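Numbering (the UniProt record's numbering), first residue to last: 1 to 417.
Backbone N, C-alpha and C fix where the C-beta goes; we use that ideal spot for every residue, glycine too.
Keep in mind the model is a prediction, meaning the values are calculated, not measured.
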Amino acid sequence: MNSYAVTAAFDAEEARRNARAASQVALRFQKEGFATTDQDPILKNLGISLPGHTTTDVTLASLAHSSTADSDFYRSDSPRKRKNISFPPTQTQFSNGTVNGNGQPAQTHDEDMGSLSLQLERSKQNLQCERRLHDETKSALTQAYFQNSKLQKQIECLLKDLESQRESSLHKTETLEEELERSHVRIQAAEEDAQLALDLAKSNSESREQLESWLQRALQEIEYLRESLTLPHDDRESPSPKHVRFANTPSIKLYSPSPDRPLATHHHDMVGKSARSVISAGRKVLRRSSLYQDTEDEIARKSMERRQQLRKKLLAPTSSDHTSKDAPPFSPPHSSTASTMAPVATTLANTTPFLVSAEDRLNEMARTATKIICSSGRRMSLNGRWWNTENKDSDLSSTVPDVPLDALTKHYCSAVE
């Protein structure tokens, strides 16, 4: 578009220059006439020669040729648009006409003016053609601009879509990275928990073995205590409970342990507990398997009542002193395996009722029970004033009425537990 405008401007300038040259030539001929001696400088510059004084052979071939050459030079930049327009070189010559008395070449001037007018008209047509081409180019450029704007908008939309997709992909990538990090943390925590669980399992296994050993020892002690407190093997064959009956006193039942009864329950529940829990569980088992657990309160109350009755009877004078003096002394058994209530019952059964009174039987029974409990406490090495080794060989027969049998029994049971 710029090349077309420049070409049109050059064409217009050329036409104006030719018109000015023609007007100057015409004015010079009108004012001064033909030169007689020297050639006119303007005509010389234009390439017009006047060869004589009487006749003038003015040729404007060089002028027309130069103008046509200049026009072709400027039109050479756009051969596509000017391929249908051609301007053949025009040779303008002043004819060999006659000059009037004032020296004005009338016919030549008219021809020159006609040729210049024709050339000017052609320049105008070329200018109009250039303008039309300029308008077409401008409209094409406008369409191209609109098309470019449309494509630019499409490119912007695509860029926005790509940017949104990139942001979404970045967000998804960050989310996946965070999830991967959390997965690594969870895996590490799971490994630590598994290692901790393995260590706890090992420690629990060791604790279970230790607790099983403690429980086995506790069961052995319980079995030993049961054997020391129950009847002999010969008497345990009878399924019925054994009774030791006294005159005017409630019966005390001694139950032998049943083989169907479990010695320890909840064995697997105690695994993993502390030693204190095991000790408390053993105490509960010992209390449950004790012979006097069900009637402990009643026995304590009745024992106190019996002790008070015995003291009253011993303090009161009786007429059976001679019979008690004549009675043979009772010697309790010293065997540890036979430390039960059966020998007492056997001895009392063999003694005649008129030789041994009720008070003597009660005294013998108290002495036997006290001696059995003391000997059992010494064998188990219990701590207390009743189980001292210095009193091992002392005779308790003289101090049997003053011995608190219930306190001795409670102390023995608590020490065993």
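(request) Give a yes or no on whether the C-beta atoms belonging to Ala415 and Leu382 are separated by under 8 Å. (result) Counting from 1 along the sequence shown, the entry for residue 415 is found at position 415. Counting from 1 along the sequence shown, the entry for residue 382 is found at position 382. Taking 8 Å as the Cβ cut-off, Ala415 and Leu382 qualify as a contacting pair.
(request) Alpha carbon to alpha carbon, how far is Tyr145 from Leu170? Give it in angstroms, no decimals. (result) The count along the sequence shown starts at 1 and reaches residue 170 at position 170. The count along the sequence shown starts at 1 and reaches residue 145 at position 145. Approximately 36 Å, taken between the alpha carbons.
(message) Does the contact criterion of 3 or more C-beta pairs under 8 Å hold for the stretch 21-31 versus the stretch 125-141?
(response) no
(request) May I have the straight-line CA-CA distance separating Gln24 from Phe10, to the nearest angstrom? (result) Against the sequence shown, residue 24 aligns to sequence position 24. Against the sequence shown, residue 10 aligns to sequence position 10. The alpha-carbon atoms of Gln24 and Phe10 are separated by roughly 21 Å.
(request) May I ask you to report which of helix, strand or coil DSSP gives Lys325? (result) Working through the sequence shown from its first residue, we reach residue 325 at position 325. In this predicted model, Lys325 has a pLDDT of only 43, less than 50, meaning its place in the structure is not dependable enough to derive any value.
(request) Specify the secondary structure class of Glu417 as computed by DSSP and reduced to three states. (result) Here residue 417 is taken as the residue at index 417 of the sequence shown, counted from 1. Note: Glu417 maps to coil in three-state DSSP.
(request) Confirm, please, whether the CB-CB distance from Ala15 to Gln143 is below 8 Å. (result) Along the sequence shown, read from residue 1 onward, the residue named residue 143 stands at position 143. Along the sequence shown, read from residue 1 onward, the residue named residue 15 stands at position 15. No, the pair does not count as a contact, with Cβ atoms beyond the cut-off.
(request) Give the DSSP-derived three-state secondary structure of Ser381 in the structure shown. (result) Taking the first residue of the sequence shown as position 1, residue 381 is located at position 381. In this structure, Ser381 counts as coil in the three-state DSSP scheme.
(message) Between the alpha carbons of Ala218 and Thr409, how many angstroms are there, rounded?
(response) As a first step, residue 218 is located in the sequence shown; it is residue number 218 there, counting from the start. As a first step, residue 409 is located in the sequence shown; it is residue number 409 there, counting from the start. Straight-line Cα distance between these residues: approximately 21 Å.
(request) Indicate whether Tyr4 and Leu162 have their beta-carbon atoms separated by less than 8 Å. (result) Taking the first residue of the sequence shown as position 1, residue 4 is located at position 4. Taking the first residue of the sequence shown as position 1, residue 162 is located at position 162. No; because the gap between Cβ atoms is not below 8 Å, this pair is not in contact.
(request) Could you give the DSSP three-state label for Ala197: helix, strand or coil? (result) In the sequence shown, the residue the question calls residue 197 occupies position 197. In the structure shown, Ala197 sits in a helix (DSSP, three-state: H, G or I).
(request) Have a look at Ala316, Glu227, Lys302, Leu215 and flag the residue whose alpha-carbon is nearest the alpha-carbon of Ser277. (result) For the purposes of this step, residue 277 is taken as residue 277 along the sequence shown, with counting starting at 1. Closest by alpha carbon: Leu215.
(message) Give me, in chain order, the residues of the same chain whose beta-carbon lies closer than 8 Å to that of Arg131; leave out the 5 immediate sequence neighbours on both sides.
(response) In the sequence shown, counting from the first residue as 1, residue 131 sits at position 131. Answer for Arg131: Ala8, listed in chain order.
(message) For Ile373 and Tyr412, which I take to be in contact (beta-carbon distance under 8 Å), what is that distance rounded to the nearest angstrom?
(response) The residue you call residue 373 lines up with position 373 of the sequence shown. The residue you call residue 412 lines up with position 412 of the sequence shown. Yes, Ile373 and Tyr412 are in contact; Cβ-Cβ is about 5 Å, under 8 Å.
(message) Quick check: the Cα distance between Ser183 and Leu196, rounded to an integer number of angstroms?
(response) Start at 1 with the first residue of the sequence shown, and residue 183 comes out as number 183. Start at 1 with the first residue of the sequence shown, and residue 196 comes out as number 196. Approximately 19 Å between the Cα atoms of the pair.
(request) Evaluate Thr368 with the Cβ neighbour count: other Cβ atoms within 10 Å of its Cβ, from every protein chain shown; 16 or more gives buried, anything less gives exposed. (result) Counting from 1 along the sequence shown, the entry for residue 368 is found at position 368. The residue is buried, with at least 16 neighbouring Cβ atoms inside 10 Å.
(request) Indicate the three-state DSSP secondary structure (helix, strand or coil) for Ala9 in the structure shown. (result) For this step, residue 9 is matched to residue 9 along the sequence shown. The answer is helix: DSSP assigns Ala9 an H, G or I state.
(request) Evaluate Ser164 with the Cβ neighbour count: other Cβ atoms within 10 Å of its Cβ, from every protein chain shown; 16 or more gives buried, anything less gives exposed. (result) Here residue 164 corresponds to residue number 164 of the sequence shown, with the count starting at 1. Result: exposed.
(request) Rounded to whole angstroms, what's the CA-CA distance from Leu291 to Tyr224? Just pull it up for me. (result) Along the sequence shown, one-based indexing puts residue 291 at 291. Along the sequence shown, one-based indexing puts residue 224 at 224. Model confidence at Leu291 stands at a pLDDT of 48, short of 50, so the residue's coordinates are unreliable; what they give is reported in the following sentence. Going by the C-alpha atoms only, they are around 14 Å apart.
(request) Identify, in the order they occur along the chain, each residue of the same chain with its Cβ nearer than 6 Å to the Cβ of Gly114, setting aside the five sequence neighbours on each side. (result) Mapped onto the sequence shown, residue 114 falls at position 114. Within the same chain, Gly114 has no close Cβ partners at all.
(message) Please classify Ile222 as buried or exposed, where buried requires at least 16 other C-beta atoms within 10 Å of its C-beta.
(response) Here residue 222 refers to the residue found at position 222 when the sequence shown is read from its first residue. When all chains shown are included, Ile222 counts as buried.
(request) With DSSP as the reference, label Trp214 as helix, strand or coil. (result) As a first step, residue 214 must be located in the sequence shown, where it is residue number 214. Reduced to three states, the DSSP call for Trp214 is helix.
(request) Out of Leu229, Gly282, Glu177, Gln147, state which residue places its alpha-carbon closest to the alpha-carbon of Ser213. (result) As a position in the sequence shown, residue 213 is number 213, starting the count at 1. Per the Cα distances, Gly282.
(request) Pull up the distance between the alpha-carbon of Asp122 and that of Asn18, whole angstroms please. (result) Within the sequence shown, residue 122 is the residue found at index 122, counting from 1. Within the sequence shown, residue 18 is the residue found at index 18, counting from 1. It should be noted that the sequence gives Arg, not Asp, for residue 122. Cα-Cα distance, rounded: 13 Å.
(message) For Thr108, tell me which candidate among Arg306, Asn363, Ala22, Leu151 has the shortest Cα-Cα distance.
(response) Reading the sequence shown from its first residue, position 108 is the one you call residue 108. Checking every option, the nearest Cα to that of Thr108 belongs to Ala22.
(message) For residue 487 and Asp360, I'd like the C-alpha separation in whole angstroms.
(response) Residue 487 lies beyond the residue range present for the chain, which begins at 1 and ends at 417; the question has no answer from this structure.
(request) Look at the alpha carbon of Leu405 and the alpha carbon of Gln210, and state the distance between them as a whole number of angstroms. (result) Along the sequence shown, one-based indexing puts residue 405 at 405. Along the sequence shown, one-based indexing puts residue 210 at 210. One C-alpha to the other measures close to 38 Å.
(request) Just confirm the distance between the C-beta atoms of Ser280 and Ser376, as a whole number of angstroms; I'd bet it's less than 8 Å. (result) Translated into the one-based positions of the sequence shown, residue 280 becomes position 280. Translated into the one-based positions of the sequence shown, residue 376 becomes position 376. Not confirmed; about 24 Å, so no contact.
(message) Distance check for Met380 and Leu310, CA to CA, integer angstroms please.
(response) Your numbering for residue 310 matches position 310 in the sequence shown. Your numbering for residue 380 matches position 380 in the sequence shown. Looking at the two C-alpha atoms, the distance is approximately 30 Å.
(message) Here's a check: name, in chain order, each residue in its chain whose Cβ is nearer than 7 Å to the Cβ of Leu116, leaving out the five neighbours to either side.
(response) Within the sequence shown, the letter at position 116 stands for residue 116. The residues are Asn18, Ala19, Ala22.
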